[in-house]
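A.B. asks: Sharing a structure, written as structure tokens. Questions coming.
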Amino acid sequence: MKKKSPFLKILGSIVLLGIGVFIGKSFFGQDNVETVPIPSTIKYRNIGLKNDTTQVASNREFTGKIIEVRKGSSIQDAVKEANPGDLIRVYPGTYSENVYIDKDDISLQGVVIKGEWPTLDGKKEINDAFLYSGNGILIENFKIINYKGNGIMGQAGNNFIIRNNWIIDTGVYGIFPQYGKNGLVEHNVLSKIADAAIYIGMCDNVDVRHNEVFDNVAGIEIENSRHCLVENNYAHNNTGGLLAFVTPGLPIKTTFDVILRNNFVVNNNHENFGAPGSTVSGIPSGTGILIMAADDVIVENNIITGNNNTGITIVDLATGAPKANDPNSEGNPDRVVILDNIMFNNGNDPTGEIKAIMLTQMDTKGPDIFAYGGGTGSTIRDKNKFRTFGLDGYGVAQITDTEDIATMMTPSPVPPRSVSKEELGELTYYGVCAGCHAFGTRLIGPPTEILQAIHHDNPQGIVDYITAPKNLREDYPEMPPQNYLSEEAKMAVAEYILALKH
1 MKKKSPFLKI LGSIVLLGIG VFIGKSFFGQ DNVETVPIPS TIKYRNIGLK NDTTQVASNR
61 EFTGKIIEVR KGSSIQDAVK EANPGDLIRV YPGTYSENVY IDKDDISLQG VVIKGEWPTL
121 DGKKEINDAF LYSGNGILIE NFKIINYKGN GIMGQAGNNF IIRNNWIIDT GVYGIFPQYG
181 KNGLVEHNVL SKIADAAIYI GMCDNVDVRH NEVFDNVAGI EIENSRHCLV ENNYAHNNTG
241 GLLAFVTPGL PIKTTFDVIL RNNFVVNNNH ENFGAPGSTV SGIPSGTGIL IMAADDVIVE
301 NNIITGNNNT GITIVDLATG APKANDPNSE GNPDRVVILD NIMFNNGNDP TGEIKAIMLT
361 QMDTKGPDIF AYGGGTGSTI RDKNKFRTFG LDGYGVAQIT DTEDIATMMT PSPVPPRSVS
421 KEELGELTYY GVCAGCHAFG TRLIGPPTEI LQAIHHDNPQ GIVDYITAPK NLREDYPEMP
481 PQNYLSEEAK MAVAEYILAL KH
């Protein structure tokens, strides 16, 4: 009998060893999660600093506690246990709950193992997945589905980070930081949102980068916010792709200093399924970029194509929101700057007013850029590159690019808002109520003046409704309960609403 060669013996041993390692890992090995990195923004954490300090938190070493949440346990219980500076790690599983974070410097990090995500499922019974009012909040690596109100909503929290989340069918808004300063929204995927997938509302110094938004009414919306950078996003198959505008009737009256740069704005032709009467329900299908009454907006180096109404629409409030009535909102888009962009195949099926206006020009196709109404000081780098309407008053742009602006975020964390008892009602109204209620304008809920008429001289009536709302009108969606607010905050905001004057 012929002996096996030494080479074949060695080869056979290696194969057997490999099979043994594979079987051992498959049946007896544990998932190694020790390699999950501490979130990079933990460098902002510095336990022991006073709440009112402006000192830069420069400690890069994580000094908090790691709290683990596994399938069958509660994320909210972990938040209750956590102290400022702690990291909550959530492992794969389905969690059907509302998570409210009212502490500062709490990080929530999902752990994704072999493609399995920690999933918050509202089952179309719960209003919101994450609500935060704390400062220095980080939320990353979660799948969020089937909520009725919002995926992630911020209520007056500064220094927020929302990234790498997968948010589908969460009701009115997907990611909605409201009345916050210094934030980052990046690497999220959002779909099937009935208003805005990413809604930056009454915020300052926010970067929105590297997100994908599709099959929503509005893709990314910068509303009544200042100093915002929207960059490297992919907005496709929404009703409207990117929006920067002023909604009248809100406490913050302006939108300005916004850069829309290096985005793909493609085939935003989805039918509009926004709530009837709401601001976004008026967005025409086929809108690539909409600028309404916003000032100092720069549109640079975007690829804008396949949007059937227009590539870029620039209008004043009188044109875009003719029913709005806010004498304190200046309604013209001033100093808009259009730099180099790639635009083609837009306007193939214009609708409504744009269709009618283009027919007066003996043209059945919508333009790449459409401007209508008031506004002064706007410029364009080369209007001859595009099909345009209404740009006769535009001058030649005095800048060629914005490469010197890397971010709109502040160089270091901003201090938390210090709230006196007298300011509590105003802050609660700005941070909680104003995203859905405005004077003279329908957003999601009834206008503020209707609330005043219903609850005239009865702040306790508003408090009771905040705690346990009842849907009494079919033409408005159910309001999510705000029973997590303290009794003091509920009464303060009720009194503030009743005292407001338009």
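Mind the numbering: the sequence shown is residues 1 to 502 in full-length UniProt numbering, read in order.
For every residue, glycine included, the Cβ atom is placed at its ideal position computed from N, Cα and C.
Remember, predicted model here, so these are calculated numbers, not experimental data.
1. Exposed or buried, what is Val21 when buried is set at 16 or more other beta-carbons lying within 10 Å of its beta-carbon?
2. Please go through the region 119-174 and give each complete alpha helix (DSSP H) segment of 4 or more residues, from N-terminal end onward.
3. Among all the DSSP beta bridges, which residues are the ones paired with Leu290?
4. Where do the N-terminal and C-terminal ends of the beta strand (DSSP E) with Ile200 fall, by residue?
5. Going straight from the alpha carbon of Gly274 to that of Glu221, what length do you get?
6. Near Gly374, which residues of its chain fall below 6 Å by C-beta distance, leaving aside the five closest residues on each side in sequence?
7. What is the rounded straight-line gap between the Cα of Ile283 and the Cα of Ile369?
8. When the Cβ atoms of the region 148-162 are set against those of the region 370-390, are three or more pairs found closer than 8 Å?
9. With a CB to CB cut of under 6 Å and the five nearest residues on each side skipped, what residues in its chain are close to Ala129?
10. Assuming Ala244 contacts Leu229 (C-beta within less than 8 Å), just tell me the rounded distance between them.
11. Grab the span of the beta strand (DSSP E) containing Gln109 for me, first residue to last.
12. Put Ala489 into one of helix, strand or coil per three-state DSSP.
13. My understanding is that Gly201 touches Glu223, with C-beta atoms under 8 Å, so please give their C-beta distance in whole angstroms.
14. Taking a contact to mean a Cβ-Cβ separation below 9 Å, would you say Tyr179 touches Tyr484 in this structure?
15. With a threshold of 6 Å on Cβ separation, who are the neighbours of Lys71 within its own chain once the five nearest residues in sequence on each side are excluded?
16. Might you give, ordered along the chain, the residues of its own chain that have their beta carbon closer than 6 Å to the beta carbon of residue 506, omitting 5 neighbours on each side?
17. Tell me whether the region 340-360 and the region 403-419 touch, counting them as touching only if at least three CB pairs, one residue from each stretch, are closer than 8 Å.
18. Pick from Ser191, Pro39 and His227: whose alpha carbon is nearest that of Glu140?
19. Report the rounded CA-to-CA distance for Val56 versus Ala82, giving the unit in angstroms.
20. Only counting the same chain, and skipping five residues up and downstream in sequence, which positions put a Cβ closer than 7 Å to that of Glu423?
21. Taking C-beta to C-beta, are Val69 and Tyr100 nearer than 9 Å?
22. Under 9 Å between the Cβ atoms of Ile137 and Gly154?
23. According to DSSP, simplified to helix, strand and coil, what is Gly29?
24. What first and last residue would you give for the beta strand (DSSP E) that runs through Asp296?
25. At which residues does the beta strand (DSSP E) containing Glu61 begin and terminate?
26. Quick one: which unbroken beta strand (DSSP E) runs of 3-plus residues sit fully inside the region 70-97? Chain order, please.
C.D. replies: In this structure, then:
1. As a working mapping, residue 21 is identified with position 21 in the sequence shown. Low confidence applies to Val21: its pLDDT is 49, below 50, so where it sits in the model is not reliable, and the reading given next is rough at best. Val21 comes out exposed.
2. none
3. Residue mapping note: residue 290 aligns to position 290 of the sequence shown, counting from 1. Beta-bridge pairing links Leu290 to Leu243 and Thr313.
4. The residue you call residue 200 lines up with position 200 of the sequence shown. Ala196 to Gly201 is the span of the beta strand (DSSP E), which, as asked, contains Ile200.
5. By one-based count along the sequence shown, residue 274 stands at place 274. By one-based count along the sequence shown, residue 221 stands at place 221. Computed Cα separation, rounded: 14 Å.
6. Numbered from 1 along the sequence shown, position 374 holds the residue referred to as residue 374. The residues are Asp316 and Asn332.
7. Here residue 283 refers to the residue found at position 283 of the sequence shown. Here residue 369 refers to the residue found at position 369 of the sequence shown. When rounded, the distance between both Cα atoms is 16 Å.
8. no
9. Start at 1 with the first residue of the sequence shown, and residue 129 comes out as number 129. So the list reads Leu120, Ile144, Tyr147 and Gly151, once near-sequence residues are dropped.
10. Stepping through the sequence shown from its first residue, residue 244 is reached at position 244. Stepping through the sequence shown from its first residue, residue 229 is reached at position 229. Not a contact, Cβ separation roughly 11 Å.
11. To locate residue 109, count along the sequence shown from 1; it is residue 109. Run containing Gln109: Ser107 to Gly110, per the beta strand (DSSP E) assignment.
12. By one-based count along the sequence shown, residue 489 stands at place 489. Three-state DSSP puts Ala489 in a helix.
13. For the purposes of this step, residue 201 is taken as residue 201 along the sequence shown, with counting starting at 1. For the purposes of this step, residue 223 is taken as residue 223 along the sequence shown, with counting starting at 1. The Cβ separation is near 5 Å, so the contact holds.
14. Start at 1 with the first residue of the sequence shown, and residue 179 comes out as number 179. Start at 1 with the first residue of the sequence shown, and residue 484 comes out as number 484. No, they are not a contact pair.
15. To locate residue 71, count along the sequence shown from 1; it is residue 71. Excluding positions up to five away in sequence, the list reads Gly93.
16. There is simply no residue 506 to check, as the chain begins at 1 and stops at 502 in what is shown.
17. no
18. For the purposes of this step, residue 140 is taken as the residue at position 140 of the sequence shown. The shortest Cα separation from Glu140 among Ser191, Pro39 and His227 belongs to Pro39.
19. Here residue 56 is taken as the residue at index 56 of the sequence shown, counted from 1. Here residue 82 is taken as the residue at index 82 of the sequence shown, counted from 1. Any reading at Val56 must be qualified, since the residue scores a pLDDT of 35, below 50, and its modelled position is unreliable; the value itself is stated next. Val56 and Ala82: Cα-Cα distance of roughly 23 Å.
20. Residue mapping note: residue 423 aligns to position 423 of the sequence shown, counting from 1. Non-local beta-carbon contacts of Glu423 in its own chain, meaning distances under 7 Å to residues more than five positions away in sequence, are absent.
21. On the sequence shown, residue 69 is found 69 positions in, with the first residue counted as 1. On the sequence shown, residue 100 is found 100 positions in, with the first residue counted as 1. Cβ distance not < 9 Å, so Val69 and Tyr100 don't count as in contact.
22. Here residue 137 corresponds to residue number 137 of the sequence shown, with the count starting at 1. Here residue 154 corresponds to residue number 154 of the sequence shown, with the count starting at 1. Yes, Cβ-Cβ distance for Ile137 and Gly154 is below 9 Å.
23. Locating residue 29 in the sequence shown gives position 29, counting from the first residue. Legend: pLDDT at Gly29 = 49, less than 50; position of this residue unreliable, value from coordinates given subsequently. Of the three classes helix, strand and coil, the one that applies to Gly29 here is coil, per DSSP.
24. Residue mapping note: residue 296 aligns to position 296 of the sequence shown, counting from 1. Segment Asp295 to Glu300, the beta strand (DSSP E) holding Asp296.
25. Walking along the sequence shown from the start, residue 61 turns up at place 61. Premise fails: Glu61 is in no beta strand (DSSP E) and is neither H nor E.
26. 87-90 and 93-95
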